[in-house]
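*Asks:* Sequential numbering from 175 applies to the sequence shown in this note's numbering.
Every residue, glycine too, gets a C-beta built ideally from N, C-alpha and C.
I'd like to ask some things about the structure below.
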Amino acid sequence: MAATPRIEWVDLSSDVGERPGAAGMAEDFALLEVITSANVACGGHAGDRRSMRTICEVAVGNGVAIGAQVSYVDREGFGRRRLNIAPATLTEQLREQWGELAEEAGSAGGQVAYMRPHGALYNAALVDAEVATAVLDATPPGTPVLCLAGTVLAELATRRGHPVAPEIFADRAVTDAGLLVPRGTPGAVLEDPDHVADRLAEWLRTGHLTSHSGTQVAVAARSICLHSDTPGAVAAARKLRETLVAAGAALRPFADTSRRQETTDSASGIRATQAATRVGTPPAAADAKPSPQIRISQYGERAVLVDLEGIAAARLADTARQALGPDLLDSVPAATCVLLRFGTPIGASTVESLLLPHVRGLGQDAESTDEGPVNTASITIDVRYDGADLAEVAETLDISVEEVIELHTQATYRVAFFGFSPGFAYLTGLPSILQLPRRTTPRTAVPAGAVAVASAYTAVYPRSSPGGWHLLGHTDAQMFDADRNPPTLIVPGSTVRFRPV
């Protein structure tokens, strides 16, 4: 029996969903049989809805934790070029990537358990407080962050209440400071599987790595990352796992996928246990739809975050307003959660007891219930279908431009949540044939009023901003006006139709 190592258990992670085609997916499947955490490419540098869903399904089946590997939106440069992007814009791009992966993970029966930047974004966030802040602003409160220890990102994450899982790179050389030797430097990437396994076995015993210059460097880590694009990555992963187990280390995900964890609220400094509450209906019959459930996390004295399973965010927000009374000051729906803010201190258990009787019967499809729509407001938006991508969308789908317009205008949409910029409403109900991945090269400026589609959503850009959605047309409707009450033309739960003019 192997002697107990200095480090008794570790996580083994790898980047997946990055390589196109059947061959790339086959290698990912092989890695998912070896690793314990999957850093899933979520559209910025690689990956799309289909790859995310497939990877998540396999990960859930194998008991592998799912992490959002967010990136600069730079598919041409594979996310390995540092881009000069305004922090607010970067945060919104990363939120969108997180949201898309969260939806696919939820559809696969799992959830996103942690955040990890990719490539140039990772390297920038390690040393640049502005970039690190943008990354953390896009990370749901209390979500673990996977990164190198002793860095700006790790320090800021800890201050803001994010558990930090320090990582070590199996196939990358380190400097005397414990940082990565830049790619392109001779010896920066380690390709010999035996050497990779031996150096990590030594690290298990001693807590030290030999740096690029030959110095012994103490490296604190809980997770070992093996790059999937390193030659022979699958064989190296298998060899590494065998070596770690033989050395006496247990392998398991660092992130608790049930998301029971302690965190410090960044605003109030109050210690709270997150996601300790699961609210739902009793088990349903085998032929019935899955019962909706929610998880409640305490955030400070006067707010809770409600994570959703099987409930539309806008519907839950509306239900909360009815169930929780006048002390509820605000309910803010997002892609997979709702933030509830109160006028007086309130505990998660109290919110649970008040919401529980109202959760039964709710479901993602608002129109399939007997309760009626979340919000009775309905608006028709006139659109000139002259978008820059209209012809390309038609060609991609192998249908006519007229058919694209008909599909887009015949559907009834519902406002699910807001994001990206003030007044940017994500509308669900887009016909499946129009659900295209975002453009591989986003535009630096999309004009205000642009009507666009991407993934499962359609939207109207309320102001000029960067974007990678496919532009079908434009409207003169003013979607956001700070002097208007409410400032948005439409609100969560409202229904929307588009009319060609």
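(1) Return the Cβ separation of V370 and D345 in integer angstroms, given the expectation that the two are a contact with Cβ distance under 8 Å.
(2) Classify V305 as buried or exposed, calling it buried when 16 or more other Cβ atoms lie within 10 Å of its own Cβ.
(3) Check whether the Cβ atoms of L645 and A565 sit closer than 8 Å, and answer yes or no.
(4) Which residue's Cα is closest to the Cα of V589: T662, L268, V301 and A651?
(5) Closest to H694 by C-alpha separation, out of L400, P674 and D657, would be which residue?
(6) From the beta carbon of R613, is the nearest beta carbon of chain B less than 8 Å away?
(7) For W183, name the three-state secondary structure that DSSP assigns.
(8) Which same chain residues, not among the five before or five after E250, have their C-beta less than 6 Å away from its C-beta?
(9) Using the Cβ count rule (16 or more neighbours within 10 Å means buried), how would you classify R290?
(10) Taking just the CA atoms, how far does R658 sit from R476?
(11) In chain order, what residues of the same chain have a beta carbon less than 8 Å from the beta carbon of V348, not counting five sequence neighbours either side?
(12) May I have the straight-line CA-CA distance separating I573 from T632, to the nearest angstrom?
(13) In the DSSP assignment, find the alpha helix (DSSP H) that holds P507 and state where it starts and stops.
(14) Counting only the same chain and skipping the five closest in sequence on each side, list residues whose C-beta sits under 7 Å from that of R227.
(15) Please report the distance separating the alpha-carbon of V363 from that of L601.
(16) Look at the alpha carbon of F672 and the alpha carbon of H582, and state the distance between them as a whole number of angstroms.
(17) Taking the Cβ atom as the reference point for each residue, do G293 and V234 lie within a distance shorter than 8 Å?
(18) Which first and last residues belong to the beta strand (DSSP E) in which Y600 is found?
(19) Using only CA atoms, which one of A624, G641 and T586 lies nearest to P611?
(20) Can you tell which of A331, R637 and A196 has the C-alpha that lies nearest to the C-alpha of A308?
(21) From the DSSP output, in three-state form, read off M289 for me.
(22) If we ignore side chains and look at the alpha-carbon of each, how far apart do R334 and G593 end up?
(23) According to the neighbour-count rule (16 or more other Cβ atoms, all chains shown, within 10 Å of its Cβ), is S402 buried or exposed?
(24) Fully enclosed by the segment 573-650, which alpha helix (DSSP H) runs are 4 residues long or longer?
(25) For a quick check, are the C-beta atoms of A242 and V286 less than 8 Å apart?
(26) Buried or exposed: which applies to E207, given that a residue is buried once 16 or more other Cβ atoms fall within 10 Å of its Cβ?
(27) Please report the distance separating the alpha-carbon of T543 from that of R489.
(28) Report the CB separation of A328 from V338 in whole angstroms; it is logged as a contact under 8 Å.
(29) Straight-line CA distance for I398 to M199?
(30) Among residues of its own chain, excluding the 5 on either side of T178, which ones have a beta-carbon nearer than 8 Å to its beta-carbon?
(31) Closest to W272 by CA distance: which of D492, D222 and V301 is it?
(32) Rounding to the nearest angstrom, what Cα-Cα distance links L513 and V478 in this structure?
(33) Rounding to the nearest angstrom, what Cα-Cα distance links S225 and D501 in this structure?
(34) Let me make sure I understand the geometry here. Which of N258, A262 and Q472 has the alpha-carbon closest to that of A522?
(35) Can you have a look at D481 and say buried or exposed, based on whether 16 or more other CB atoms are within 10 angstroms of its CB?
(36) Does DSSP classify S225 as helix, strand or coil?
*Replies:* Judging by the given coordinates:
(1) The C-beta distance from V370 to D345 rounds to 5 Å, short enough to fall under 8 Å.
(2) buried
(3) Cβ distance not < 8 Å, so L645 and A565 don't count as in contact.
(4) T662 is the residue among T662, L268, V301 and A651 whose C-alpha sits nearest the C-alpha of V589.
(5) With the chain covering only 175 through 675, there is no way to say anything about residue 694.
(6) Absence of chain B from the displayed structure is noted, only one protein chain being present.
(7) strand
(8) none
(9) Result: buried.
(10) About 28 Å.
(11) L354, V355, L383, S385, H386, V391 and V393
(12) 19 Å
(13) That residue, P507, is in no alpha helix (DSSP H); its beta strand (DSSP E) goes L502 to P507.
(14) Taken in chain order, the residues that qualify are E278, S281 and A282.
(15) 44 Å
(16) 7 Å
(17) no
(18) A599 to T602
(19) G641
(20) A331
(21) If DSSP states are grouped into helix, strand and coil, M289 belongs with the strands.
(22) 22 Å
(23) buried
(24) 575-584
(25) yes
(26) exposed
(27) At T543 the pLDDT is 37, less than 50, meaning the model places this residue with poor confidence; the figure from the coordinates comes in the next sentence. Distance between the alpha carbons of T543 and R489 is about 11 Å.
(28) Taking 8 Å as the upper bound for CB-CB distance, A328 and V338 are in contact here, some 5 Å apart.
(29) 22 Å
(30) In this prediction, T178 scores a pLDDT of 49, lower than 50, which makes its location untrustworthy; no coordinate-derived value is stated.
(31) D222
(32) 6 Å
(33) 43 Å
(34) Q472
(35) D481 should be labelled buried.
(36) helix
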